Amino acid sequence: MRFAVGVVVVLIAAMFGANLVLFTVTEIEQVVVTQFGQPKRVITEPGLYFKLPDPFQRTTSFDKRLLEYDSNPDPIFTQDKKILLLDNYARWRIV
10 MRFAVGVVVV
20 LIAAMFGANL
30 VLFTVTEIEQ
40 VVVTQFGQPK
50 RVITEPGLYF
60 KLPDPFQRTT
70 SFDKRLLEYD
80 SNPDPIFTQD
90 KKILLLDNYA
100 RWRIV
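Residue numbers for the sequence shown, in the working numbering: 10 to 104.
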């Protein structure tokens, strides 16, 4: 019985330890791994990757898809009392 409890405790500790050093990258994101604030590597391919535990290396993920911003049209009055409809949009991708 003690052996089974010990095995369960070791397995739970191993899962928490693996969670500290493993991370996944999906196909719609890219990850920058920083070490003490300095970028060390950029990962753009999906998969399972290793890193040092959190105080030493941190991961920041960015969306790889084409992002879009579209504002609502706003009416603006000119000096000669005409109405201009102002509309803007932006599309960008982080590479």
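By construction, the Cβ of each residue, glycine as well, lies at the ideal position given by its N, Cα and C atoms. A quick note: this is a predicted structure, and the numbers were derived from the prediction, not measured.
Just how far apart, CA to CA, sit residue i and residue j?
i, j, result
"R67", "G56", "17 Å"
"N81", "P48", "37 Å"
"P84", "L95", "6 Å"
"F59", "A99", "35 Å"
"V17", "D79", "52 Å"
What are the residues that DSSP puts in a beta bridge with residue i?
i, result
"I85", "L93"
"D63", "In DSSP, D63 forms no bridge with anything."
"V51", "V41"
"G56", "V34"
With distances taken Cα to Cα, identify the nearest neighbour of residue i among the options.
i, options, result
"N28", "D63, E54 and Q39", "D63"
Would you kindly report the start and end of the unbroken beta strand (DSSP E) that includes residue i?
i, result
"L76", "L76 to D79"
"R102", "No beta strand (DSSP E) contains R102, which DSSP labels as neither H nor E."
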